Amino acid sequence: QMQLVESGGGLVQPGGSLRLACIASGSDFSIYAMAWYRQASGKRRDMVAAITGGEKSMYEDSVKGRFTISRDNAKNSVYLQMNNLKPEDTAVYYCNRVAADDDDYWGQGTQVTVSS
Numbered sequence: 002q003m004q005l006v007e008s009g010g011g012l013v014q015p016g017g018s019l020r021l022a023c024i025a026s027g028s029d030f031s032i033y034a035m036a037w038y039r040q041a042s043g044k045r046r047d048m049v050a051a052i053t054g055g056e057k058s059m060y061e062d063s064v065k066g067r068f069t070i071s072r073d074n075a076k077n078s079v080y081l082q083m084n085n086l087k088p089e090d091t092a093v094y095y096c097n098r099v100a101a102d103d104d105d106y107w108g109q110g111t112q113v114t115v116s117s
């Protein structure tokens, strides 16, 4: 299974920015559509952004225009640039394949807290 390590989270004020990074193991990274998910306390994990191997991206409505997903296949990495952060963006953020489910490996995630 693909191993994943997320980083880049932290505490930021409303309106601030963060850039999350995810490094994946394995030699087939470039063929997978990858996604960023988030899970707020007491809520389910939801996909917020995804990017195909050909770098076509899609976004959940609440983050459109504020978040940008990108990838670097040479580095087995996927990124999430988050601008104009809001308190409701507070969550643990994970990356994984678009088709990942609870039976797949999930990294530890990275905590994003938006608070004044």
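For the sequence shown, this note's numbering assigns the number 2 to the initial residue and increments by one for each residue that follows. All C-beta atoms, glycine included, are put in the ideal place defined by N, C-alpha and C. Being a predicted model, the structure only gives us computed values, none of them experimental.
Check residue i in the structure and name its three-state DSSP category.
| i | result |
| --- | --- |
| Ser42 | coil |
| Asn77 | coil |
| Glu7 | strand |
| Val64 | helix |
| Ser71 | strand |
| Ser18 | coil |
| Ser28 | coil |
State yes or no: is the C-beta of residue i within less than 8 Å of the C-beta of residue j?
| i | j | result |
| --- | --- | --- |
| Tyr94 | Leu21 | yes |
| Asn97 | Phe30 | no |
| Val13 | Leu86 | yes |
| Glu56 | Asp47 | no |
| Leu119 | Gly11 | Look at the range of the chain in this structure, 2 to 117, and you will see that residue 119 is not part of it. |
| Thr91 | Val64 | no |
| Tyr33 | Val49 | no |
Give the single residue among the options whose Cα lies nearest to the Cα of residue i.
| i | options | result |
| --- | --- | --- |
| Pro15 | Arg67, Asp73 and Gly110 | Arg67 |
| Thr53 | Gln40, Arg45 and Ile70 | Ile70 |
Checking the sheet assignment: what are the DSSP bridge partners for residue i?
| i | result |
| --- | --- |
| Leu12 | Thr114 |
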